[in-house]
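Novice: Numbering (the working numbering), first residue to last: 68 to 165.
Handing you a structure now.
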Amino acid sequence: MKIDLTSYRNAFFEEAVEHLAALEAALLRLDADPSDSAAIDSAFRAAHSIKGGADTVGFSELAEFTHCLEDLLGAFRISSCVPREILDLLLEARDALV
């Protein structure tokens, strides 16, 4: 039996808009304060949610991309600081998701 993912994909896109906004807001907070651990956590959660949703509805390449983003953010959860050059890459990654 084949499952029609259309309605699930539509829900994913609606939720992704919210997660992308949260990701951007967190990254902009990090632009002001690279050691804002709450912003790092928020960015990580947003990437995690996008990854999980993408994987669920069969967007495997998007899931792989956001998994890399999530892993990178996870490393900064440990160090509690995002270097400027990495923040620029994270902002570019967010733009690529749009």
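Think of the CB as a built atom: it goes at the ideal place given N, C-alpha and C, for glycine as much as any other residue.
Source: prediction; values computed, not measured.
Rounded to whole angstroms, what's the CA-CA distance from residue 153 to residue 81? Just pull it up for me.
Specialist: The alpha-carbon atoms of residue 153 and residue 81 are separated by roughly 28 Å.
Novice: How would you label residue 144, buried or exposed, when you count the other beta carbons within 10 angstroms and need 16 or more for buried?
Specialist: By the 10 Å Cβ count, residue 144 comes out exposed.
Novice: Run the CB neighbour count on residue 74, radius 10 Å, all protein chains shown included, and call it buried at 16 or more, exposed below.
Specialist: When all chains shown are included, residue 74 counts as exposed.
Novice: How big is the Cα-Cα spacing for residue 93 and residue 84?
Specialist: Going from the Cα of residue 93 to the Cα of residue 84 covers about 14 Å.
Novice: Taking 7 Å as the limit between beta carbons, can you name the residues of its chain near residue 130, skipping five residues before and five after?
Specialist: Once the five neighbours on either side are set aside, the close Cβ partners of residue 130 are 118, 121 and 122.
Novice: Could you give the distance in angstroms between the alpha-carbon of residue 139 and the alpha-carbon of residue 96?
Specialist: Approximately 17 Å between the Cα atoms of the pair.
Novice: Between residue 70 and residue 87, what straight-line distance do the alpha-carbon atoms span, to the nearest angstrom?
Specialist: Answer to the nearest angstrom: the Cα atoms are 27 Å apart.
Novice: By Cβ distance below 6 Å, which residues in the same chain neighbour residue 106 in space, the five residues on each side in sequence not counted?
Specialist: Counting only Cβ-Cβ distances below 6 Å, and skipping sequence neighbours, we find 93, 96 and 97.
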